[in-house]
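To start, the structure under review is shown below, and the notes come after it.
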């Protein structure tokens, strides 16, 4: 006779995981990147308006600046809120990453599915001794994971721990 017993009550509770916050210095990196993009956007907008649009629609230029500033402000708010929602946890057999402001998600990657791990340092992150871990998994279901904003030494430890586990 066919049996299919329910095991829902035996599953591990994800809320029991103690997630660790991303390094606070990574917020400075995010804000610096945001400022660069905002400056480029405003300089481009200035030249677009001063060379092309102002002669045709001068009364709308201030509305355009206000609209862009408003959109950038909303993006900045979500950037900061999103930073505080990013957390990670390395456990005995897996790594988990939690993120999201409006749409929250938790991604857990078992070490058994990991193909290889990379340590990535971008220029601004390097200034603050931060690094990212990129985890590549077996299969193409979008199971890859990237954890940004880790202290460089901690990122190296995590990489070595995972690499040791997958090489066993």
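Numbering (our numbering), first residue to last: 484 to 651. C-beta atoms are modelled at their ideal positions from N, C-alpha and C, and glycine is treated no differently.
Item: Length of the line joining the Cα atoms of residue 512 and residue 490; Value: 44 Å
Item: Limits of the unbroken alpha helix (DSSP H) element including residue 608; Value: 606-610
Item: DSSP-derived helix/strand/coil call for residue 637; Value: helix
Item: Start-end ranges of the beta strand (DSSP E) lying completely within the region 513-573, minimum 3 residues; Value: 570-573
Item: C-alpha gap between residue 548 and residue 584, whole angstroms; Value: 27 Å
Item: Cβ contact (3+ pairs, closer than 8 Å) linking the region 573-588 and the region 496-505; Value: yes
Item: Straight-line gap, residue 508 to residue 615 (C-alpha atoms, nearest Å); Value: 13 Å
Item: Sufficient close CB pairs (3 or more, under 8 Å) joining the region 584-596 to the region 520-528; Value: no
Item: Cβ contact check for the region 551-568 and the region 601-618: 3 or more pairs under 8 Å; Value: no
Item: Between the CA atoms of residue 528 and residue 646 - distance to the nearest angstrom; Value: 47 Å
Item: Residue 619 - containing beta strand (DSSP E), residue span; Value: 613-620
Item: Residue 652 versus residue 638: straight-line alpha-carbon distance, rounded; Value: In the structure displayed, the chain extends from 484 to 651; residue 652 sits before or after that span and is not available.
Item: Identified DSSP bridge partners for residue 597; Value: 620
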